[in-house]
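In the numbering used here, the protein residues as written are 785 to 902. Beta carbons: idealized from backbone N, C-alpha and C, even for Gly. All of these numbers come straight from a predicted model, not from anything done at the bench. All remarks here apply to the structure that follows.
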Ligand code: SF4
Ligand code: SF4
């Protein structure tokens, strides 16, 4: 399984109220998790955004992800968001931390790998 999803399962799914506390999802089969569905795009937008402002991260989430999510109406309304049923929205600060930590680890290991494997 890919590294970004492994990290999210370890740090978000384990704490998620829809999980089993061990990183497994307990959502009903017919339900989907926006974090799982969009995590590559979410990591990409977080890593591309150079800002310390949480509002800027939220704006980017609304513009890039919510705008194409089936749960948001053309008017920008999402009932899942309003009722705190969207794990991506609910745990977004945690998701940002996971994405930034993973990026920092990757950047730190790259020069080392380059030195070890010239
Ligand atoms: S709802 Fe999403 S974040 Fe929560 S456990 Fe399931 S896959 Fe993980
Ligand atoms: S907040 Fe709503 S529109 Fe945005 S990702 Fe979650 S479910 Fe989709």
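For residue 794 against residue 807, the beta-carbon gap comes to about 6 Å, under 8 Å, which counts as contact. Counting every other CB atom within 10 Å of its CB across the protein chains shown gives residue 801 a total below 16, marking it as exposed. Per the DSSP secondary-structure output, residue 856 pairs in a beta bridge with 862. Within the chosen limit of 7 Å, ligand 1 reaches the beta carbon of residue 796 through at least one heavy atom. When secondary structure is reduced to three states using DSSP, residue 809 falls in the strand class.
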